[in-house]
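Colleague: Mind having a look at this structure? Questions to follow.
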Amino acid sequence: MKYIDEYRDASNARRIADEIRRVTTGPHAIMEVCGGQTHAIVKFGIDELLPPAIELIHGPGCPVCVTPVELIDKAIAIARQPDAVFCSFGDMLRVPGSRDDLFRAKASGADVRIVYSPLDALNLAKNNPGKQVVFFAVGFETTAPANALAVFQAHQSNIENFSILCSHVLVPPAMEAILSSPDCRVNGFLAAGHVCTIMGYTEYEPLAKKYNVPIVVTGFEPLDILHGVLLCVRQLEEGRAEVENQYARSVSREGNRHAQRLIETVYQIAPRGWRGIGTIARSGLALRPPFDRYDAERRFDVSEIVAHESEDCISGLVLRGVKKPRECPAFGTRCTPDHPLGAPMVSGEGACAAYYRYKQSEPAVLAGPCA
Amino acid sequence: MNGQTPESLSCPLPLPQDEQITMIHGGGGTAMHRLIERVFKSQFDNDLLRQDHDAAVFAVDGTRFAFTTDSFVIQPLVFPGGDIGSLAVYGTVNDLAMAGARPLYLSAGFIVEAGLPTQVLSDIVASMQRAAEASNIQIVTGDTKVVEHGHGDGVFINTAGIGVIEHGRVIAPRSIQPGDAVLVSGDLGRHGIAVMAVREGLEFETTLTSDCAPLAAPVLALLRENVAIRCLRDLTRGGLTSAVNEIAAASGRAVHLRESAIPVRDDVRGACELLGLDPLAVANEGRFVAIVDHSDADRALDTLRGHAVDTTPAVIGEVLDSSPARVTIESRIGSVRILDMPSGEQLPRIC
């Protein structure tokens, strides 16, 4: 399949892995920022091809994982309102809130629907004027433009029964939070290619300089990731700390100006809570006037909801790269994809789920078949 | 970073498990298996149920029979390449075939929602009759109930079937041996993607049709050719991943697959890439996995190729002489990982 198979070629993968081994003296700890990259690394066994001197650390870039529990609780409360239709991407439905998840809310009668685009939710609002249609606007800079477009179109068309529950987060502030943390072990980054497709990579240049850390904008296919690692290792071995673009087939330095303008028109920078990490200043997007009339938190008065969190899960440490999933005492026993304690075990892109799926040492206990 | 200290970073308490049924319990993954174990098998426990097979196999006066049942709830009722009626016939016929049986008779139970146009029901029943003729079986008994409008999804169909086993092989997970070859009868994932495309209004560049088809004829052909079949399983919900994990768990054997050998059409792969789904865990309705003696693998492929024009059978792996009983897969770039049982319904990813 064109544009896929050439980036999954076994002989080329071996060739790049050999070159990585040749140039590495190490040790180097490289963080892949994006959950999609984490998923690819464990799914394709990319880390097995790397020399022991290179440690891949999984970053906070899973939008499902970092959505704060308060917003899950608010989503469930909104979904249970009469005449509300709550729309979400599929993988948000299993993320546990304080007491429930959206799947269970749906099972007990809430109108929760899986959509593939925020514009699907907007169309649902147009076609159901008697309902209040809410879209769960989750994600990094990657999903922000499409969600902004839905709000913009609602505003232009004066559609009053549509709103979004806004949970957008921004990557550079999270990287800076990791780099400025006293327990930071990261000395190189693979930046998230899809995010940079939208935003370009100029905002990473001050980070690379300030913290003396190489940052390689990297794609999501196995060869992309291996190549990103190679570029990062070369910089580390040569003592350089620059921003390099491995994903040039998709990313330009300036990014997608049109998408950026859309984001700037509809959103403003805001502090944002990250699940398992806490609040990071200027790390999120919130609707700006006049678009804030499409803010579901205002429309449904869910500001009083207080989330309940336990002390059972070390997801914050995993999301910041301080701990590996298998270092959690609950990993694979009390915490599994079927029975997640924390968000990184829920999402397919979460580091814990990726480790559980592809790298656990023992298989899951299986029951018999069904006809 | 503001806010909490690392020591206080935490996630919510676990949710009580299986307190109520959710859609995940119908997805063919671990949640469904857990439900079957805890709710059904613990109560219905008996020797036949413990066979862990697609159909119960028993003997009457020296003749072996296979008996099975399945229920069909699908939206839309009609999809590219099939409909709920043909699915209800093929699903049960295929479960009988997976026990190595020649299907004989089917029952059909209908739960119809008030308001369903009679013509829709009539078309579904006509489709069932055509599927029955194609499968060389008869639908000999049935039942109809009507529920109030809003209490159904148009129509639900239950079918049960009985078939006769006319050979001496024990086709079951416990029969598989180290070194056996693992085959699939054709390309994977078409049914799940075709249904999802219609249900969700997704438009792909090519028009995918379901793989929905009867499987008794190719299985009986393998038996006629005296292929040493150890185990068969049709690939329905949970796809290849679920089926092979079930076989590994029931047999106590490790199974190793090669991703590059598994046939998946480009349009299915493309749709899965777009949606963040794994084609190996997507539902099929006309495909099966066969574990056969390795010396018979080529003959099995030839037989399957001669039997249908739109399938691409392939040897995709082998049974290992090792423990534990798990499934591993060699990725396209040459590394090995565990192919775990899916949790439940696959969900399209955010990005």
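So the sequence lines, in the order shown, correspond to chains A and Z.
Mapping to this note's numbering: the first sequence position 233 is 233, numbers consecutive.
Mapping to this note's numbering: the second sequence position 302 is 302, numbers consecutive.
Beta carbons are placed, not taken as given, at the ideal position from N, Cα and C, and that holds for glycine.
Everything numeric in this text was worked out from a predicted model, so none of it was measured.
Can you give me the C-alpha to C-alpha distance between A:Gln260 and A:Leu179, rounded to a whole angstrom?
Modeller: 25 Å
Colleague: So A:Ile277 and A:Pro60 are in contact, right, with Cβ under 8 Å, and what is the actual spacing, rounded?
Modeller: 7 Å between Cβ atoms; contact.
Colleague: Strictly under 7 Å for the Cβ-Cβ distance: is A:Phe220 near chain Z by that measure?
Modeller: no
Colleague: Reducing DSSP to helix, strand and coil, say where A:Thr265 ends up.
Modeller: helix
Colleague: Any idea what DSSP makes of A:Lys323, helix, strand or coil?
Modeller: coil
Colleague: By the DSSP assignment, the beta strand (DSSP E) with Z:Leu183 in it spans what residues?
Modeller: 181-184
Colleague: Taking only the alpha-carbon atoms, compute the straight-line gap between A:Ile54 and Z:Leu235 and give it to the nearest angstrom.
Modeller: 40 Å
Colleague: Do Z:Leu339 and Z:Thr207 have their C-beta atoms closer together than 7 Å?
Modeller: no
Colleague: Under 7 Å Cβ to Cβ from Z:Val89, same chain only, skipping five residues before and after it: list those, please.
Modeller: Leu106, Met128, Ala131, Ala132, Ser135, Thr159
Colleague: Along chain A, which residues have their Cβ under 8 Å away from the Cβ of Z:Met128?
Modeller: None at all; the shortest Cβ gap to chain A is about 19 Å.
Colleague: Could you tell me the distance, in whole angstroms, from the CA atom of A:Gly200 to the CA atom of A:Lys324?
Modeller: 30 Å
Colleague: How close, in whole Å, do the beta carbons of Z:Leu96 and Z:Gly161 come, if the pair is a contact with beta carbons under 8 Å?
Modeller: Between Z:Gly161 and Z:Leu96 the Cβ distance is about 5 Å, and since that is below 8 Å, they are a contact.
Colleague: Work out the CA separation of Z:Pro263 and A:Pro172 for me, nearest whole Å.
Modeller: Rounded to the nearest angstrom, the gap between the Cα atoms of A:Pro172 and Z:Pro263 is 41 Å.
Colleague: Quick one: give me the first and last residue of the beta strand (DSSP E) that A:Met31 is part of.
Modeller: 28-34
Colleague: Less than 7 Å separating the beta-carbons of Z:Gly28 and Z:Gly189?
Modeller: Against a cut-off of 7 Å, the Cβ pair of Z:Gly189 and Z:Gly28 comes out as no contact.
Colleague: For A:Tyr355, return the contacting residues in chain Z, with the cut-off set at a CB-CB distance below 7 Å.
Modeller: What A:Tyr355 touches in chain Z: nothing, since even the nearest Cβ is about 10 Å away.
Colleague: Hey, is Z:Asp340's beta-carbon within less than 7 Å of any beta-carbon in chain A?
Modeller: Interface residue (Cβ-Cβ distance to chain A less than 7 Å): Z:Asp340 is classified as such.
Colleague: If you draw a straight line from the C-alpha of A:His308 to the C-alpha of A:Trp274, how long is it?
Modeller: 15 Å
Colleague: What is the residue span of the beta strand (DSSP E) that Z:Thr209 lies within?
Modeller: No beta strand (DSSP E) holds Z:Thr209; DSSP gives it neither H nor E.
Colleague: Taking the alpha carbon of A:Val169 as the reference point, which residue from A:Val138, A:Arg21, A:His155 has its own alpha carbon closest?
Modeller: A:Val138
Colleague: Could you tell me which chain Z residues have their CB closer than 9 Å to the CB of A:Leu236, listed as they occur along the chain?
Modeller: Near A:Leu236 there are no residues of chain Z at all, since even the closest Cβ is about 23 Å away, more than 9 Å.
Colleague: List the residues of chain Z whose Cβ lies closer than 8 Å to the Cβ of A:Lys43, in chain order.
Modeller: From the beta-carbon of A:Lys43, the residues of chain Z found nearer than 8 Å are Ser331, Arg337.
Colleague: Just to confirm, are A:Leu207 and A:His28 a CB contact at a threshold of 7 Å?
Modeller: no
Colleague: Would a check of beta-carbon distances place Z:Gly62 closer than 7 Å to chain A?
Modeller: Output row for Z:Gly62: interface = no.
Colleague: Check each candidate in Z:Ala216, Z:Pro324, Z:Glu113, Z:Ala248 and name the one with the smallest Cα separation from Z:Lys145.
Modeller: For Z:Lys145, the closest C-alpha among the options Z:Ala216, Z:Pro324, Z:Glu113, Z:Ala248 is that of Z:Glu113.
Colleague: Look at the alpha carbon of A:Val133 and the alpha carbon of A:Phe291, and state the distance between them as a whole number of angstroms.
Modeller: Rounded to the nearest angstrom, the two C-alpha atoms are 16 Å apart.
Colleague: Could one say the Cβ of Z:Gly334 lies closer than 7 Å to chain A's Cβ atoms, at least one of them?
Modeller: Using a CB distance cut-off of 7 Å, Z:Gly334 counts as an interface residue toward chain A.
Colleague: For the stretch 98-111 of chain A and the stretch 75-88 of chain A, state whether three or more C-beta atom pairs, one from each stretch, are separated by less than 8 Å.
Modeller: yes
Colleague: Who pairs with Z:Leu257 in a beta bridge, going by DSSP?
Modeller: Beta-bridge partners of Z:Leu257 (DSSP): Z:Gly317, Z:Ile329.
Colleague: Using a cut-off of 8 Å between C-beta atoms, extract the partners of A:Ala107 located in chain Z.
Modeller: Gln20, Ile21, Thr22, Met23
Colleague: Any beta-carbon of chain A closer than 7 Å to the one on Z:Ala31?
Modeller: At least one CB of chain A lies nearer than 7 Å to the CB of Z:Ala31.
Colleague: Closest to A:Arg357 by C-alpha separation, out of A:Ala10, A:Arg15, A:Thr38, A:Ile4, would be which residue?
Modeller: A:Thr38
Colleague: Consider the Cβ of A:Asp351: report whether some Cβ of chain Z lies at a distance smaller than 7 Å.
Modeller: One point to set straight first is that residue 351 of chain A is Ala, not Asp, in the sequence displayed. For A:Ala351, the answer is no, since every Cβ of chain Z falls outside 7 Å of its Cβ.
Colleague: Taking the beta carbon of A:Val266 as the centre, do at least 16 other beta carbons fall within 10 Å, making it buried, or is it exposed?
Modeller: buried
Colleague: For Z:Arg199, count the other beta carbons within 10 Å of its own beta carbon; 16 or more makes it buried, fewer makes it exposed. Which is it?
Modeller: exposed
Colleague: Counting pairs of beta carbons, one from the stretch 65-81 of chain Z and one from the stretch 314-330 of chain Z, are three or more of them closer than 8 Å?
Modeller: no
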